[in-house]
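S.K.: In the working numbering, the protein residues as written are 1 to 422.
Can you keep this structure in mind? I'll have questions shortly.
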C-alpha cells in the first residue's frame, strides 16, 4: 500500500475492526480495549498510516477551545491558580481558548460538543465528574495519573512525588531530625497515595517510624495547626513536621510557637547535641540537688533525734511532722520543672525550647513569606500547567501519540525552617 495514501479504512480492514474503532483507538477516545488499541496502532504503523489533521478538524467541527477541570478545592489554593494560568497561556499559543469547567462536571456528550480536548488535574477516583470527563469522546490529558476504574486518559503529565517526599525526609534527617512526622493528605489521588506510601517505605528503609497524621487534601492553616498540636501533644519527641497540603505550613508554625518549640533549631552537629547536653546537665543538677536535700534532711533528722532524746517524746512528734511535710513537697522535683513536676501544675506537654524542623510538600506564597520561611518542594505549577496544555495541544495536532506520558521536574527549596539559609 505504499503507492497511495493509507486510509482509516485500510487500517480497519487489516486490523479486523470497524473504521470508527480505528479512529477512536488512534485518537485515544471512546471505549476501546487496551489490546485492541495496541493492535490498531501497530497495524497503522506497519501500513504507514498518517492522519490527515485538516480532515480530522473538519470532521470534528473543531470548537477552538479546550476544557480545564480542577479539584473542587482549587479556587483557594495558590498551586492550582498558578497551574491554570500556565495552561491558559500555553493553549493560547496554539490558538485555543481555555474553558474552566464547573467542579461538579457535566455529561460527557455536552462537554465533547463544546471543546476539542480536556485537561483534568489531580483526578480523584472519588470525584463523580471524572469518569464522564474521561469518556467524553475527546482527547484527555491528566495532571497526575488517574487511579480509578474508568477509561484511561489520552495522556498524562506526572511528577515523581515519591522522590520529592524522599528528598524532604532525607533533608530533615541530615539536619538532625530523628522523629519525623507527616501531615498526609486524605483521599485517593495519585499525589496523596504516593505521599502516604512513601512515608512508610522510607521509614522501613531507614529503620525510622514516620508518624502519619491525616488531614484534608486542602487543609487550612487552622486545620494544620490543630493537627500539629495534637501530634506534638501525643508524641513530644517528634522533631520534624512535614505538611503536605498547599498553604497549610503557617498553621504548623503557629502550633510550634504555642508549644514553645523553636522552629529550625536542630541540626546534626549543633543544637540537637547541645539540647542533649543541656538535658544531661539539668538532670545532673537535679540529681545533685536531690542528694544535697536528702543529706540535709538526714542531718536535720539526726540533730532532731539528739534534741528529742534530751527534751522528751513531744519533740520527736513535732520534728517528724515537719520532715514529712518537707519531703512531700520537694521529693522528685527540680527547680526547672523537670520530670518530677507534679501533675496539674499547667506544665507544657512537650519539651519547651526543643527544636522542631518544619517543611512543606508544596511551595508557594505561604511558605516563602512565613516567619521563618519554610523549606518546601517547588512543583513549578505554572510550568506544570504549560506542560499539561502542551501535551494536549500536541495530541490534538498529531505531534504526539495518544497515551503519551511526560515527566515534570520539581526542586527542593531549603530555608530557615529547617536550619538552612533562606
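From the three backbone atoms N, C-alpha and C, an ideal C-beta is built for every residue, glycine too.
Closer than 8 angstroms is the cut-off here; do at least three beta carbon pairs connect the segment 162-179 with the segment 131-149?
M.R.: no
S.K.: Determine the DSSP secondary structure at residue 255, reduced to helix, strand or coil.
M.R.: helix
S.K.: Tell me which residue opens and which closes the beta strand (DSSP E) that residue 385 is part of.
M.R.: Counting along the chain, residue 385 falls outside any beta strand (DSSP E), though it belongs to the alpha helix (DSSP H) covering 381-396.
S.K.: If you draw a straight line from the alpha carbon of residue 65 to that of residue 50, how long is it in whole angstroms?
M.R.: 24 angstroms
S.K.: Which parts of the segment 148-175 are runs of the beta strand (DSSP E), unbroken and 3 residues or longer, counting only runs that do not cross its ends?
M.R.: Counting only runs of 3 or more, we get 155-159.
S.K.: Could you say if the segment 362-377 and the segment 407-419 meet the contact criterion of at least three C-beta pairs nearer than 8 angstroms?
M.R.: yes
S.K.: Taking just the CA atoms, how far does residue 36 sit from residue 10?
M.R.: 16 angstroms
S.K.: Output needed for residue 168: all residues of its chain with C-beta closer than 6 angstroms, excluding positions within five of it in sequence on either side, in chain order.
M.R.: 242 and 359
S.K.: Just checking my contact of residue 99 with residue 120 at CB under 8 angstroms: how many whole Å lie between their CB atoms?
M.R.: Contact doesn't hold; Cβ gap of about 13 angstroms is too wide.
S.K.: Kindly indicate which residue of 216, 264 and 131 has the alpha-carbon position closest to the one of residue 73.
M.R.: 216
S.K.: Look up residue 413 in the DSSP assignment and give the residues it is bridged to.
M.R.: 376
S.K.: On the CB-based measure, 16 or more other CB atoms within 10 Å of its CB, does residue 317 come out buried or exposed?
M.R.: In this predicted model, residue 317 has a pLDDT of only 33, less than 50, meaning its place in the structure is not dependable; the value taken from the coordinates is given anyway. It counts as exposed.
S.K.: If residue 185 and residue 195 are in contact, beta carbons under 8 angstroms, what's the gap, nearest whole angstrom?
M.R.: 7 angstroms
S.K.: When you compare the CB positions of residue 97 and residue 176, do they come within less than 9 angstroms of one another, or not?
M.R.: no
S.K.: Measure the alpha-carbon distance for residue 135 versus residue 148 and round it to whole angstroms.
M.R.: Near 13 angstroms, if we compare the C-alpha coordinates of residue 148 and residue 135.
S.K.: In this structure, how does DSSP classify residue 132 when only helix, strand and coil are distinguished?
M.R.: helix
S.K.: Beta-carbon separation of residue 214 and residue 251 under 9 angstroms?
M.R.: no
S.K.: Let me know the secondary structure DSSP gives residue 220 once reduced to three states.
M.R.: coil
S.K.: Quick one: grab the DSSP three-state call for residue 368.
M.R.: Residue 368: helix per DSSP, three-state reduction.
S.K.: What does the alpha-carbon distance come out to for the pair residue 369 and residue 389?
M.R.: 29 angstroms
S.K.: Is the Cβ-Cβ distance between residue 218 and residue 76 less than 9 angstroms?
M.R.: yes
S.K.: Using only the alpha-carbon positions, how far apart do residue 222 and residue 133 sit?
M.R.: 33 angstroms
S.K.: Please classify residue 198: does DSSP put it in a helix, a strand, or coil?
M.R.: In the structure shown, residue 198 sits in a helix (DSSP, three-state: H, G or I).
S.K.: Can you tell me where the alpha helix (DSSP H) with residue 15 in it begins and where it stops?
M.R.: 8-15
S.K.: For residue 415 and residue 150, I'd like the C-alpha separation in whole angstroms.
M.R.: 41 angstroms
S.K.: Between residue 291 and residue 354, what straight-line distance do the alpha-carbon atoms span, to the nearest angstrom?
M.R.: In this prediction, residue 291 has a pLDDT of 47, which is less than 50 and means its spatial position is unreliable; what the coordinates show is noted afterwards. In this structure, the alpha-carbon of residue 291 lies about 27 angstroms from that of residue 354.
S.K.: Among 383, 371, 386 and 367, which one has its Cα closest to the Cα of residue 377?
M.R.: 367
S.K.: Am I right that residue 402 and residue 20 are in contact with their C-beta atoms under 8 angstroms? What's the rounded C-beta distance?
M.R.: Actually they are not in contact, since the Cβ atoms of residue 402 and residue 20 sit about 15 angstroms apart, beyond 8 angstroms.
S.K.: Grouping DSSP H, G and I as helix and E and B as strand, with all else coil, what is residue 99?
M.R.: strand
S.K.: Just curious, the alpha helix (DSSP H) that residue 36 is in, first and last residue?
M.R.: Unbroken alpha helix (DSSP H) run through residue 36: 34-47.
S.K.: For residue 406 versus residue 210, is the C-beta spacing smaller than 9 angstroms?
M.R.: no
S.K.: In chain order, what residues of the same chain have a beta carbon less than 7 angstroms from the beta carbon of residue 190, not counting five sequence neighbours either side?
M.R.: 144, 145 and 147
S.K.: Go to residue 118, then tell me how far its beta strand (DSSP E) extends in each direction, as first and last residue.
M.R.: 117-121
S.K.: Measure from the alpha carbon of residue 381 to the alpha carbon of each residue in 122, 6, 38 and 95, then state which is nearest.
M.R.: 122
S.K.: Nearest CA to the CA of residue 125: which residue from 193, 183 and 182?
M.R.: 193
S.K.: Going by DSSP, what residue range makes up the beta strand (DSSP E) through residue 22?
M.R.: Careful: residue 22 lies outside any beta strand (DSSP E), inside the alpha helix (DSSP H) at 19-27.
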